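K.L.:
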Amino acid sequence: MNELRDLYQEVVLDHARRPRNFGAIHGPSHRAAGHNPLCGDKVTVTLTIADGRVADVRFEGGGCAISMASASLMTEAIMGKTEVEVRAMFEEFHAGLTVTDEGAALSALAELDKLAVFAGVREFPVRVKCATLPWHTLVAALDHVSEPVKTE
Amino acid sequence: MTAMQPLTNLRELDVARIRQDFPIFSQPVHGKRLVFLDSAASAQKPRSVMEAERGIYETAYANVHRGVYSLSQRATSEFEAVREKVRRLLNARETREIVFVRGATEAINLVAQSFGRAFLSAGDEVLISHMEHHSNIVPWQMLREEKGVQLRVAPIDDAGELDLETFEKLIGPRTKLIALTHVANALGTVVPIERVIRLAKEHGIPVLVDGCQAVPHQAVDVQALDCDFYVLSGHKLYGPTGIGVLYGKAELLQAMPPWQGGGDMIRSVTFEKTEYNELPWKFEAGTPHIIGAIGLGAAIDYVQSIGYDAIGVHEDALLAYALRELSKINSLRIIGQPRHRSGVISFALGDVHPHDIGTILDQDGICVRAGHHCAQPTMDRFGVSATARASFGIYNDRDDVDALVAGLGKVQEMFRL
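Protein sequence lines, in the order shown, are assigned to chains A and B.
Just so we're aligned, residue 1405 is where the first sequence starts under our numbering, counting upward by one.
Just so we're aligned, residue 122 is where the second sequence starts under our numbering, counting upward by one.
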């Protein structure tokens, strides 16, 4: 039960239930879609970058609590950040969930404030892709990838 | 092959004893008793299946249909004896009507590629239902791409029942094959396949029945059904993966061209002309899954030692109990309410995603399937992208249902439903 509490922390459940920045930007500068074919998680990220910073970011879609909360917290975390900062955050988040060295992983996540709540996902390897899907989609939007992103 | 005592006359299955026949249940999951509710995806294997496979490797293994030495002859006779077991299981008229394949998916692809390519042409129609597994959709779509064959889809109603009236209307002069599931894998609906086949016969249309989810639970008599093709997967019938069966009426199989070419399916080969082998080997190119077939034979023996009557009584009672207990859970919605159900219950719990349900249940050693069950059109029909699905086998009992209900209580608690 403890591992489950680590996975489904209050912040996660709160963001899953009441996602922030949910919706789509009309006429965004960047846009991409992501999909986990196996579990059906779907997310579309739209953002506007002005003067080198994220001026606005929204997401829409549907999926499990982990993917929804991850998308919601991601939009909050990157608001106002530069593109370079956003890409660095993606690297840290991705490393935090996927590298095997737990110390390195946790210190990467620690850099990300609120996003550290996803440390619990590490104990559930099949759910890692749920948490990373919004981030992969975000990076695809920055890279102007037109094909939908898949994390499997 | 095993020293099992017959259980045939028992009114109630001795599930505790059956569980002892399945080694996997001696191993805890996350420190808990394994509650395996995913047999519709793949069933667990009794010890006798493992012992049969091992036994052949240790005492009678060689390639089949080839060697003049006695070991090869023994392997061949053991292998072919399984074909006879399958014939009896399905009550097919002849053993040559039983073709070994990798699984039901390959069986359907074989029919699509052999029967479909040879006998269907542009504008001809294949009629399926809205609750088919992807394996009974995609092979026909591939044929559509290739030959311009049309795919017609019979609707299902809100209960998850085939709409027979519309189904009948969809049968037309261009309908050349009806391919239907016997039991729907995502909903548990038992299709009134006898009626469907009667209807088809009135129009002279051949029928393929996907029996994957039926054979683990009920006796099947292909002669009484009068279906033209019947397909099944061994691994859902407590047998190994990689082995399945295509039953086809001899006259149809005979008229069909071979699908794959290679060894075993030929009588003679020259660079100018190849003469094909007779049934069923015409459709079994290459060295077959010998060990898989042996395992399947042991699985059939095991199921028959328990008996479909006893299995039916036990599973019907268990399903009724599960439906009753699950219905008591607030915010739980059962997807599909067919009058006649077999094997599976799909459900949604509030707005909790099935993968979250699956993860939480797993911590209590409870295995359920979460996802679209390879039946996305069925999911679309019910307006969901995924469901959680509990499915039952001979080793499940009320304790498993109670564990599921308790586990779902934890999900509710976690998500404050």
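Glycine included, each C-beta is placed from N, C-alpha and C at the ideal position.
Predicted model only: the values in this text are computed from it and were never measured.
1. Would you tell me roughly how many angstroms separate the C-alpha atoms of LYS370/B and ASP245/B, rounded to the nearest one?
2. Any chance you could list the alpha helix (DSSP H) runs of at least 4 consecutive residues sitting entirely within the segment 284 to 330 of chain B, in chain order?
3. So, does the CB of GLY1456/A fall closer than 8 Å to a CB anywhere in chain B?
4. Write down every uninterrupted run of the alpha helix (DSSP H) in the segment 1500 to 1548 of chain A whose length is 4 residues or greater and which is fully enclosed by it, in chain order.
5. Quick check on the DSSP output: the beta strand (DSSP E) that includes THR113/B runs from which residue to which?
6. Does the segment 234 to 242 of chain B come close enough to the segment 384 to 394 of chain B that 3 or more CB-CB pairs lie under 8 Å?
7. Need the endpoints of the alpha helix (DSSP H) that VAL532/B sits in, please.
8. In chain B, which residues lie with their C-beta within 8 Å of the C-beta of ALA1469/A?
9. Since SER506/B meets chain A, which of its residues come closer than 7 Å, beta carbon to beta carbon?
10. Quick check: is the beta carbon of PHE1528/A nearer than 8 Å to any beta carbon in chain B?
11. Using the DSSP secondary-structure output, state which residues sit across from LEU1458/A in a beta bridge.
12. With 16 as the cutoff for other CB atoms within 10 Å, does TYR178/B come out buried or exposed?
13. Should LYS403/B be labelled buried (16 or more other beta-carbon atoms within 10 Å of its own) or exposed?
14. Does GLU492/B have its Cβ less than 8 Å from a Cβ in chain A?
15. Can you tell me whether TYR190/B is helix, strand or coil according to DSSP?
16. Could you please give me the residues that DSSP links to LYS370/B through a beta bridge?
17. Please say whether LEU155/B and GLY486/B have beta carbons closer to each other than 8 Å?
18. When the Cα atoms are used, what is the spatial distance from LEU538/B to LEU1477/A?
19. Where VAL526/B and ASN1406/A are concerned, what is the direct C-alpha to C-alpha distance, given to the nearest angstrom?
20. Does the separation of the CB atoms of THR539/B and ALA469/B fall below 8 Å?
21. Whose CA, out of TYR516/B, HIS254/B and ILE229/B, lies closest to the CA of LEU439/B?
22. What is the DSSP secondary structure of GLU1414/A, counted as helix, strand or coil?
23. Roughly how many angstroms lie between the CA atoms of GLY1467/A and GLU205/B, to the nearest whole one?
24. Within the continuous alpha helix (DSSP H) that includes ALA1475/A, where are the two ends?
25. Counting only the same chain and skipping the five closest in sequence on each side, list residues whose C-beta sits under 7 Å from that of ARG1457/A.
26. Mapping DSSP to helix, strand and coil, what is ILE145/B?
27. Cα-Cα, which of ASP342/B, ILE145/B, GLY382/B and ARG519/B is closest to LEU134/B?
28. Based on Cα-Cα distance, which residue from ALA1454/A, HIS1430/A and ARG1491/A lies nearest to HIS1540/A?
29. What do you get for PHE392/B, buried or exposed, if any count of 16 or more other CB atoms within 10 angstroms of its CB means buried?
30. Quick one, which of LEU308/B, ALA305/B and ILE314/B has its alpha-carbon nearest LEU285/B's?
31. Just the Cα atoms here: how many angstroms apart are VAL207/B and SER1474/A?
32. Name the DSSP bridge partner or partners of TYR516/B?
33. What are the residues in the segment 261 to 295 of chain B lying within 8 Å of chain A by C-beta distance?
34. Using 8 Å as the Cβ pair cut-off and three pairs as the minimum, do the segment 420 to 433 of chain B and the segment 275 to 290 of chain B touch?
35. Report buried or exposed for GLU253/B, applying the criterion of at least 16 other Cβ atoms within 10 angstroms of its Cβ.
36. How far does the beta strand (DSSP E) with GLU246/B in it reach, from first residue to last?
P.N.:
Quick answer:
1. 21 Å
2. 285 to 291 and 314 to 323
3. no
4. 1506 to 1514 and 1532 to 1546
5. The requested residue 113/B is not part of the displayed model; chain B covers only 122 to 538.
6. no
7. 519 to 536
8. VAL473, HIS474, ASP477 and PHE536
9. GLY1444 and GLY1466
10. yes
11. The sequence given here has Val at residue 1458/A, not Leu. VAL1458/A pairs with ILE1453/A.
12. exposed
13. buried
14. Checking the sequence shown, residue 492/B turns out to be Gly, not Glu. Output row for GLY492/B: interface = yes.
15. coil
16. DSSP, once it has assigned bridges, lists no residue as partnering LYS370/B.
17. yes
18. 23 Å
19. 20 Å
20. Given a span of 122 to 538 for chain B in the structure shown, any question on residue 539/B remains unanswerable.
21. TYR516/B
22. helix
23. 48 Å
24. 1469 to 1482
25. GLY1484, LYS1485 and THR1486
26. helix
27. ARG519/B
28. ARG1491/A
29. exposed
30. ILE314/B
31. 50 Å
32. The partner list for TYR516/B (beta bridge, DSSP) is empty, contrary to what the question assumes.
33. none
34. no
35. buried
36. 246 to 250
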